[in-house]
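Here is the structure we will look at, set down as structure tokens.
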Amino acid sequence: MTDHATSHATHHVTSHAADYFETYSVVGLLAVLGVLFVAVAFGAGRLLRPVVPTPEKLLTYECGVDPVGEGWAHTQVRYYVYAFLYVIFAVDSIFLFPWATVFAAPGYGATTLVEMFVFLGFLAVGLLYAYKKGVLAWL
Numbered sequence: 012m013t014d015h016a017t018s019h020a021t022h023h024v025t026s027h028a029a030d031y032f033e034t035y036s037v038v039g040l041l042a043v044l045g046v047l048f049v050a051v052a053f054g055a056g057r058l059l060r061p062v063v064p065t066p067e068k069l070l071t072y073e074c075g076v077d078p079v080g081e082g083w084a085h086t087q088v089r090y091y092v093y094a095f096l097y098v099i100f101a102v103d104s105i106f107l108f109p110w111a112t113v114f115a116a117p118g119y120g121a122t123t124l125v126e127m128f129v130f131l132g133f134l135a136v137g138l139l140y141a142y143k144k145g146v147l148a149w150l
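Heads up, my numbering is the position in the sequence shown plus 11, with the first residue counted as 1.
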């Protein structure tokens, strides 16, 4: 290889690497700006708000009604499990939609199909586990 060809190949690789990191530097800059914006907003709120604690302000507020009794209420854990199951399946649906678009792309059909059946298999195992534990009983 000649020096000119080596120099050209090195420059080509270097320019691709620079382009690659340049795109991530923009994402990093936006992330830093977002964090700064939130920090400035919270700092301004802390500096500008009036601080006058009174007994009325320290009471628990619930829909305009004065609190009566204790503030602790027993909630059954199974409602949290239902919410957790919902979140799991909602997140799974987020993965299914992009899969459908990739599956339609040429050259990705068989591999994507196998990957999705592995993914759905994990979901089925999780659902079967929840069923066996009695989590899905609505009693």
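Even glycine gets a Cβ: it sits at the ideal position worked out from N, Cα and C.
Note that this is a predicted model, so its numbers are computed, not measured.
Where residue i sits in the DSSP three-state scheme
i, result
"THR60", "Going by the sequence as given, residue 60 is Arg instead of Thr. Coil."
"LEU70", "coil"
"LYS144", "coil"
"TRP110", "helix"
"THR122", "helix"
"ALA84", "coil"
Closer than 6 Å: residue i CB and nearest the ligand NAD heavy atom
i, result
"LEU139", "In the structure shown, the ligand NAD is absent, as is every other ligand, since no ligand is present at all."
Euclidean distance between Cα positions of residue i and residue j
i, j, result
"LEU44", "VAL102", "28 Å"
"LEU134", "TYR140", "10 Å"
"VAL63", "THR71", "16 Å"
"LEU163", "VAL51", "What is shown of the chain runs 12 to 150, which leaves residue 163 out entirely."
"SER104", "ALA94", "15 Å"
Test item: CB-CB of residue i and residue j under 7 Å
i, j, result
"VAL146", "VAL92", "yes"
"VAL113", "THR122", "no"
Cβ neighbours of residue i in the same chain (closer than 7 Å, five flanking residues each side left out)
i, result
"GLY118", "none"
Contacting residues, own chain, Cβ-Cβ under 8 Å from residue i (five flanking each side not counted)
i, result
"GLY137", "ILE99"
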